[in-house]
């Protein structure tokens with residue numbers, strides 16, 4: 001009887017188990033994607049394990065959010081001061097914030113009032129409450145976008161695909177009153193009218209030509225940053241920590257070999 | 265030496281002073297220093313230490329999270345996001361805690377698998393094994409309640425589905441559910457009591473872990489050959505041999521853990537849990553966390569609700585009686601030519617259940633789940649009792665030291681091998 005082959009078999013089983021786990025898990029998102037249409041891959045600077053955000057793209061994306069999306073969609077987890085992280089100066093942040101009237105109060109007279117925004121304020125919500133949002137949007141509630149790329153399978157790729165996915169319904173499909181056909185939306189009927197419909201809809205401050213695809217890509221990147229503002233810090237820290245652990249592991253293993261050499 | 269003081273062998277005056285009055289240093293020296301440990305452990309024996317480290321990581325990160333978390337239905341979700349965005353390194357603490365739960369289950373599942381493969385549950389280690397199953401159950405309860413705390417869609421609907429299972433119990437089921445909820449639906453009182461229990465249970469786990477280790481140090485560890493050490497030539501002092509071997513495992517474990525936390529922190533999670541809980545909108549598929557999927561598949565494999573619930577809890581409960589279902593005196597599967605393959609098949613079967621648990625409840629997954637469930641239980645209830653009677657085990661080695669000293673090569677011929685020990 002060969003103990004060695006048994007050992008090898010046991011090792012193979014562990015390996016198989018370790019490998020099978022992610023496979024079993026990976027199957028779940030695939031199944032979800034199968035219900036709709038597979039979301040096409042968009043090239044983003046933050047793709048992969050080591051990607052970082054493109055500050056210019058994030059600023060353009062913010063401009064698209066500000067001028068288009070923010071008419072209906074709140075981003076209540078993001079504060080104006082966070083815009084420093086995408087490269088706006090302190091003065092620019094103060095100017096952006098001051099452009100909004102923020103509800104505050106009550107004051108000493110017990111009255112609620114509005115005041116110009118400050119850097120510490122969260123993004124102003126377009127509607128006072130969900131009921132007001134529904135009333136203004138044909139009964140549909142525009143979701144908060146702070147975590148959108150984390151809250152949908154496919155993330156930023158999905159957001160981009162959705163923005164580009166409006167088309168005429170295929171033959172035999174009737175779209176309900178007030179709804180729009182979208183290739184990538186689950187169920188294909190979405191209440192949101194195509195938000196980015198024509199080239200040049202936004203006049204980019206940096207002079208970039210605002211094609212529909214450019215605007216959709218930029219705003220998807222901005223939402224990815226808003227959902228995971230820690231992404232760059234996290235990845236940079238991860239590289240250093242894993243390098244440290246690999247070296248520590250090598251040293252530990254060398255010590256282990258040396259100690260065990262006494263009894264082998 | 266004054267009477268009543270413990271006789272300490274430590275020479276450092278401070279250590280000695282304490283040790284004479286409260287011999288914790290002597291105890292540590294005995295249990296973790298010189299403790300005689302079989303010399304032939306493979307790396308599967310790392311996972312107990314890894315689980316211990318993991319528990320400490322979870323408690324440490326959890327305490328800091330609790331300082332910043334608000335257990336209220338209207339504030340919980342945003343308080344977690346505030347941790348992610350505004351608390352210094354809050355994202356790190358939360359991702360470590362969140363992925364730490366997955367790492368804990370990976371580590372503990374391997375630890376349990378090792379116990380099953382090498383027969384660590386057999387006499388005299390039955391109580392040690394039972395305490396381990398208690399820890400596993402407590403972990404599942406803790407993990408489930410922890411997943412509810414961020415109050416996302418999966419938190420809410422997972423809590424609704426799982427607590428509703430108890431309503432299948434005849435007569436008292438509905439009262440139990442009301443008690444769990446603290447009302448008539450999953451709501452603020454539910455969240456409050458889950459938070460309280462989620463903070464309490466890890467310390468209960470720590471207590472049972474202490475008992476688990478205490479029991480281990482009476483019987484001593486099992487080993488890959490499954491035969492008892494026959495003398496000092498078969499063992500090594502725990503320190504430095506296994507402290508250093510565990511250290512190697514800990515670093516490898518930390519590398520995997522770090523990869524999850526820093527590069528794919530949400531891979532094992534579900535996107536729906538980044539949508540705030542909404543009692544009026546049910547997600548298309550309610551899926552529990554990955555570590556519950558095999559048991560979820562067993563639940564759904566049974567067409568009857570009560571039956572499904574009983575089978576699901578039974579799939580864990582059966583582990584309590586495993587030492588009495590498997591009566592073969594040979595511990596290690598290395599020497600059980602039939603049981604070994606049927607157990608490896610059981611392992612594959614476990615992953616099949618995990619896969620089916622993550623799929624919608626439709627064909628072919630339901631039928632596959634049913635066969636897999638049948639094999640899960642059949643292994644314990646039919647195969648193991650039967651094999652104890654009919655299987656002819658391979659000859660066991662004479663002692664641990666012999667094969668080990670020969671570098672794990674072929675064992676001596678049948679002439680020197682002992683017939684299997686009849687316990």
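Residue numbers (the numbering used here), protein chains in the order written: chain A, 1 to 264; chain B, 265 to 687. For each residue, glycine too, the CB sits at the ideal point set by N, CA and C. Treat the numbers as computed from the prediction; the structure is a model and nothing was measured.
Identification of chain B residues near residue 234/A by a Cβ-Cβ cut-off of 9 angstroms yields 355, 356, 359, 525, 526, 527 and 529, ordered along the chain.
For residue 433/B, no beta strand (DSSP E) segment is defined, and its DSSP state is neither H nor E. A residue is called buried when at least 16 other Cβ atoms come within 10 angstroms of its Cβ; residue 167/A does not meet this threshold and is exposed.
Flagged as an interface residue toward chain B: residue 150/A, by a C-beta distance shorter than 8 angstroms. Every unbroken stretch of the alpha helix (DSSP H) spanning 4 or more residues and falling wholly within the region 45-130 of chain A is given here in chain order: 55-67 and 90-98. Where residue 453/B is concerned, the enclosing alpha helix (DSSP H) starts and stops at 452-483. For residue 149/A, the enclosing alpha helix (DSSP H) covers residues 148-151. At a Cβ-Cβ threshold of 8 angstroms, residue 453/B and residue 340/B do not count as neighbours. Taking C-beta separations shorter than 6 angstroms and ignoring five residues to either side along the sequence, the partners of residue 298/B in its chain run 501, following chain order.
For residue 213/A, same chain residues with a beta-carbon under 7 angstroms away, outside a window of 5 residues either side, are 164 in chain order. Residues of chain B with a Cβ closer than 7 angstroms to the Cβ of residue 260/A are, in chain order, 505. Scanning the region 206-255 of chain A from its first residue to its last, the whole alpha helix (DSSP H) runs of 4-plus residues come out as 212-227. Distances from the CA of residue 255/A to each of 646/B, 344/B and 512/B were compared; the closest alpha carbon is that of 512/B.
Secondary structure of residue 42/A (DSSP, three-state): coil. Taking 4 residues as the shortest admissible run, the region 297-358 of chain B contains the following complete alpha helix (DSSP H) segments, listed from N- to C-terminal end: 311-332 and 340-349. Taking 8 angstroms as the cut-off, the beta carbon of residue 128/A is found no closer than this to the beta carbon of residue 134/A.
Proximity to residue 383/B across 591/B, 267/B and 635/B peaks at 591/B, based on C-alpha coordinates.
DSSP, reduced to helix, strand and coil, places residue 189/A within a strand of the structure shown. Excluding five sequence positions before and after residue 462/B, the CB atoms of its chain that fall closer than 7 angstroms to its own CB belong to 406, 409, 410 and 413, given in chain order. Here the alpha carbon of residue 241/A sits roughly 41 angstroms from the alpha carbon of residue 68/A. Sixteen is the threshold: since fewer than 16 other Cβ atoms of the shown chains lie within 10 Å of the Cβ of residue 271/B, the residue is exposed. Residue-level contact check: residue 473/B does not touch chain A, since none of the beta carbons of chain A fall below 8 angstroms from its beta carbon.
In this structure, the straight-line span from the alpha carbon of residue 378/B to that of residue 585/B is close to 17 angstroms. For residue 552/B, there is no enclosing alpha helix (DSSP H), as DSSP marks it with neither H nor E. Shown here for residue 56/A: same chain residues with a beta carbon closer than 7 angstroms to its own, the five before and five after excluded, namely 206 in chain order. CA-to-CA, the gap between residue 624/B and residue 110/A works out to about 55 angstroms. Residues are counted here when their Cβ sits less than 7 angstroms from a Cβ of chain A; for the region 574-608 of chain B these are 598 and 608, given in chain order. The C-beta of residue 77/A comes closer than 8 angstroms to at least one C-beta of chain B.
Using a CB distance below 7 angstroms, the part of the region 490-505 of chain B facing chain A consists of 500, 504 and 505, ordered along the chain.
At a beta-carbon threshold of 8 angstroms, the residues of chain B lying near residue 252/A are 508, 511, 512 and 515, ordered along the chain. Around the beta-carbon of residue 318/B, 16 or more other beta-carbon atoms lie within 10 Å, marking it buried. At a beta-carbon threshold of 7 angstroms, the residues of chain A lying near residue 349/B are 77 and 229, ordered along the chain. At a C-beta separation below 7 angstroms, residue 539/B has these neighbours in chain A: 151.
Between residue 580/B and residue 401/B, the gap from beta carbon to beta carbon is short of 8 angstroms. Contact note: residue 242/A reaches chain B through 519, 522, 523 and 526, using a C-beta cutoff of 8 angstroms and chain order.
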